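Undergrad:
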Amino acid sequence: MSAYLVQERIEAQRWSNHQATVERDAWIDARAQEIISLFPDEPTRMGCFTLPREALSAMLGDESKEAYNDYVSAIAYIRAEKEWDRLYPTCPF
C-alpha cells in the first residue's frame, strides 16, 4: 500500500511543478506583452536627434522592422523573467 502512496505523492509533486511552470510562463508572457506595448510600433520612432541620417535611414524597411521587433521582444522577456525572479525567488534548499 505504501508504494502506491509514494507513487501518488510523486505524481502530485510533478503536477504541482507543472502547474507552477505554467503559471510562471503565463505571468512572464503577460508582463512581457505589457513591456512590449510601451515601445513604439516603428523602429524609426526610436530615433533621436543625435543620430546621423545614415543611421536613421538604416531603420527603414521590412528587415529592420523585423529586427526591431525581435529586439523589443527579447528585452521584454528578459526583463519579465528578471521581475519574476525578484518577486518570487526560488527556495535555496
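So in the working numbering, the last one in the sequence shown is 94, and the numbering has no gaps at all. The beta-carbon is built from N, C-alpha and C at its ideal position, and this holds for glycine as well. Quick caveat, the model's predicted, so the values are computed rather than measured.
#1: Closer than 8 Å by C-beta to Thr45: which residues in its own chain qualify, once you throw out the five before and the five after it? Chain order, please.
#2: What does the alpha-carbon distance come out to for the pair Ala4 and Asp71?
#3: Give me the Cα-Cα distance between Asp26 and Leu52, rounded to the nearest whole angstrom.
#4: Beta carbon of Glu82, beta carbon of Ile29: below 8 Å?
#5: With a CB to CB cut of under 7 Å and the five nearest residues on each side skipped, what residues in its chain are close to Val7?
#6: CA-CA distance, Thr1 and Trp16?
#7: Closest by CA to Pro41, which one among Thr91, Arg87, Asn18 and Tyr69?
TA: This is what the structure holds:
#1: Leu57, Met60 and Leu61
#2: 49 Å
#3: 37 Å
#4: yes
#5: none
#6: Here the chain has residues from 2 to 94 only, and residue 1 is not among them.
#7: Tyr69
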